[in-house]
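Asker:
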Ligand SMILES: C[S@@+](CC[C@H](N)C(=O)[O-])C[C@H]1O[C@@H](n2cnc3c(N)ncnc32)[C@H](O)[C@@H]1O
């Protein structure tokens, strides 16, 4: 698929997702989030309607956010991680969500205003060129978005992350990557593309783009979650085996039979078109954390070492010169 088709399809399916979100079961979206490590407390703490079942990991579990930090969420959807991050950074911190879909952002803004959350803002933009100043953030997070960016443009996302971070700033990302090359038929499936699988890259490509953008110490690891949670239909998810919550307690959701036949957006596409595909065979959700090198500190260290070396060489030179001078004087006597 060419870039224009990808942007059109991703835009239209996520618009349908944002519009369908109000009618979808919150049990199912909670099950998806819990499968990726969000706690019941996390889910209860955010405005209803901000988790619409689109995450593929939990970048905040990696980010170690602190009070007063500024966070940018690339591809924030309806604000799920934005609101969780906003609680962690507190009133003196702020969180900026970026998304190219106006309907998603309208939901996110509505969620913020109805819950009176004031330390968040939203920017309507593609994540390959964002109208935000350099060094604006302490932390950049992203959850299940970079796989949706056309392959030829993905490297730009990592460059934007690097540009947006302050020296020493951190990146914490969850995303889907491939385990093995996908056949052409899978790569061209719209449902698989908008469902975050067909546009996924390999781990090696990802690590290369991160390094090329200037990040060091990159460790991309398989988070080992079950991707088939997306394609299990609500009835199965509700009536099937119970799942364990973060404390190991078994959860048995109680929404059996609440299937709707409205256009369910991406989730509906996946349950309809991909229920016979074992997503775990082809792809996995990966997580990684890295940091922008603090060049100011590095430059200071280099300057200090250079000065120390100069002092040492000058002292050595003076000592050798005075020894030589004394030797010559003694010899002439
Ligand atoms: C799978 S959803 C994830 C949403 C959110 N991170 C979450 O976990 O709920 C992907 C989101 O990324 C947005 N998106 C996809 N491609 C994008 C791009 N190139 N630039 C900005 N946003 C993009 C979509 O509009 C959608 O809201």
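In full-length UniProt numbering, the protein residues as written are 1 to 333. A virtual CB, placed ideally from N, CA and C, is assigned to each residue, including glycine. Just so it is clear, the structure is predicted and the values come from calculations on it, not from any experiment.
Hey, could you find the ends of the alpha helix (DSSP H) residue 14 is sitting in?
Answerer: Counted from its first residue, the chain shown places residue 14 at position 14. Unbroken alpha helix (DSSP H) run through residue 14: 3-20.
Asker: Using 10 angstroms around the beta-carbon of residue 315, count the other beta-carbons present and answer buried if the total reaches 16, otherwise exposed.
Answerer: For the purposes of this step, residue 315 is taken as residue 315 along the chain shown, with counting starting at 1. That one is exposed.
Asker: Let me check you understand the geometry: is the CB of residue 285 closer than 8 Å to at least one non-hydrogen atom of ligand 1?
Answerer: Within the chain shown, the letter at position 285 stands for residue 285. No.
Asker: Is residue 35 near ligand 1, with its Cβ less than 8 Å from a heavy atom?
Answerer: Stepping through the chain shown from its first residue, residue 35 is reached at position 35. No; taking the cut-off as 8 Å, the Cβ of residue 35 has no heavy atom of ligand 1 nearer than that.
Asker: Could you tell me whether the region 170-179 touches the region 120-134, using the rule of 3 or more Cβ pairs below 8 Å?
Answerer: no
Asker: Expressed to the nearest angstrom, what Euclidean distance is found between the alpha-carbon atoms of residue 67 and residue 204?
Answerer: Within the chain shown, residue 67 is the residue found at index 67, counting from 1. Within the chain shown, residue 204 is the residue found at index 204, counting from 1. So the alpha carbons of these two residues sit roughly 34 Å apart.
Asker: Using the C-alpha atoms, what's the distance from residue 15 back to residue 269?
Answerer: Working through the chain shown from its first residue, we reach residue 269 at position 269. Working through the chain shown from its first residue, we reach residue 15 at position 15. Roughly 13 Å separates the two Cα atoms.
Asker: Skipping 5 residues on each side, what residues in its chain have a beta carbon closer than 7 Å to that of residue 69?
Answerer: Taking the chain shown and counting its residues from 1, the one referred to as residue 69 is at position 69. Within the same chain, residue 69 has close Cβ partners 89, 93, 138 and 139.
Asker: Going by the beta-carbon positions, is the gap between residue 198 and residue 163 smaller than 9 Å?
Answerer: The residue you call residue 198 lines up with position 198 of the chain shown. The residue you call residue 163 lines up with position 163 of the chain shown. The answer is no: Cβ separation not under 9 Å.
Asker: Quick one: Cα of residue 251 to Cα of residue 294, how far?
Answerer: Position 251 of the chain shown, counted from the first residue, corresponds to residue 251. Position 294 of the chain shown, counted from the first residue, corresponds to residue 294. The predicted model places residue 251 with a pLDDT of 38, which falls under 50 and marks its position as unreliable; any figure quoted below should be read in that light. Roughly 44 Å between the two C-alpha positions.
Asker: Identify every residue that forms a DSSP beta bridge with residue 143.
Answerer: What you label residue 143 is simply residue 143 of the chain shown in a count that begins at 1. Paired residues: 174.
Asker: Count Cβ pairs between the region 174-193 and the region 274-288 that sit closer than 8 Å; are there 3 or more?
Answerer: yes
Asker: Is any heavy atom of ligand 1 found at a distance shorter than 8 Å from the C-beta of residue 278?
Answerer: Sequence index remark: in the chain shown, residue 278 carries index 278 (1-based). It does not: the Cβ of residue 278 is nowhere closer than 8 Å to a heavy atom of ligand 1.
Asker: Is the closest heavy atom of ligand 1 to the C-beta of residue 11 under 8 Å?
Answerer: Taking the chain shown and counting its residues from 1, one reaches residue 11 at position 11. Set against 8 Å, the gap from the CB of residue 11 to the closest heavy atom of ligand 1 is smaller.
Asker: Report yes or no: do the region 112-127 and the region 41-57 share at least 3 C-beta pairs separated by less than 8 Å?
Answerer: yes
Asker: Is residue 101 close to ligand 1? I mean its beta-carbon at under 8 Å from any heavy atom of the ligand.
Answerer: Locating residue 101 in the chain shown gives position 101, where the first residue counts as 1. Flag set: Cβ of residue 101 near ligand 1.
Asker: Kindly list the residues whose CB is nearer than 7 Å to the CB of residue 202, restricted to its own chain and excluding five residues on each side of it in sequence; keep chain order.
Answerer: Stepping through the chain shown from its first residue, residue 202 is reached at position 202. If we look at residue 202 and ignore the five residues flanking it on each side, its Cβ neighbours are 177 and 178.
Asker: If you count every other CB in all the chains shown that lies within 10 Å of the CB of residue 224, and 16 or more means buried, which is it?
Answerer: Residue 224 sits at position 224 when you count from the first residue of the chain shown. So residue 224 counts as exposed.
Asker: Check the Cβ-Cβ distances between residue 182 and every residue of chain B, and say whether any is below 9 Å.
Answerer: In summary, chain B is missing from the structure at hand, where a single protein chain is found.
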